[in-house]
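Below is one structure, written out as structure tokens, with a few remarks after it.
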């Protein structure tokens, strides 16, 4: 597979134009939003088409965050319902769900988009969480050579 970076968040995968996926995040209580995650998203080799943040409180409405579409209901609805609300608002064919406390590798969005494009029947594509010590945080799972978690 060949990938050519272009402006406006587009890449060319084997001659097919692909826009960056939307990123969906549920945020809890940070006045400035998930600052470290947003910085890592803005530095990606393939910029997300849109960053949506569901603000789960505790203060409503949230402060504006440049380059982010924020959504809220006025009450904390929990993580799962926050993601459901964002999915209902998304118009994208592909979305990346990220927690508000991660920092993504520079090529993370590009690699996830490439995996989704290569496997169009896949419902979900995941990545490994790697700690500051360089070890994979697998929450008790064994990892295969392709980093797929197996119970």
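In the working numbering, the protein residues as written are 53 to 203.
We put the beta carbon where it would ideally sit given N, CA and C, even for glycine.
Integer Cβ distance of residue i from residue j, believed to fall under 8 Å
{"i": "residue 92", "j": "residue 156", "result": "4 Å"}
{"i": "residue 147", "j": "residue 73", "result": "6 Å"}
{"i": "residue 75", "j": "residue 150", "result": "6 Å"}
{"i": "residue 103", "j": "residue 119", "result": "7 Å"}
{"i": "residue 100", "j": "residue 175", "result": "At roughly 20 Å, the Cβ-Cβ gap does not stay under 8 Å, so residue 100 and residue 175 are not in contact."}
{"i": "residue 83", "j": "residue 115", "result": "6 Å"}
Per-residue burial, residue i [other beta carbons within 10 Å of its own, 16 or more giving buried]
{"i": "residue 107", "result": "buried"}
{"i": "residue 110", "result": "exposed"}
{"i": "residue 134", "result": "buried"}
{"i": "residue 63", "result": "Any reading at residue 63 needs caution, since the residue's pLDDT is 39, under 50, leaving its predicted position unreliable; the model's value is listed next. The residue is buried, with at least 16 neighbouring Cβ atoms inside 10 Å."}
{"i": "residue 188", "result": "exposed"}
{"i": "residue 145", "result": "exposed"}
{"i": "residue 113", "result": "exposed"}
{"i": "residue 153", "result": "exposed"}
{"i": "residue 77", "result": "buried"}
{"i": "residue 182", "result": "exposed"}
{"i": "residue 105", "result": "buried"}
Per DSSP, cross-strand counterpart(s) of residue i
{"i": "residue 176", "result": "Paired residues: none, contrary to the question."}
{"i": "residue 150", "result": "77"}
{"i": "residue 182", "result": "188"}
* Length at least 4, wholly inside the region 62-125: the alpha helix (DSSP H) runs in chain order -> 87-94
* **Inter-stretch contact at 8 Å, needing at least 3 Cβ pairs: the region 95-106 / the region 152-168** => Result yes; three or more Cβ-Cβ pairs closer than 8 Å.
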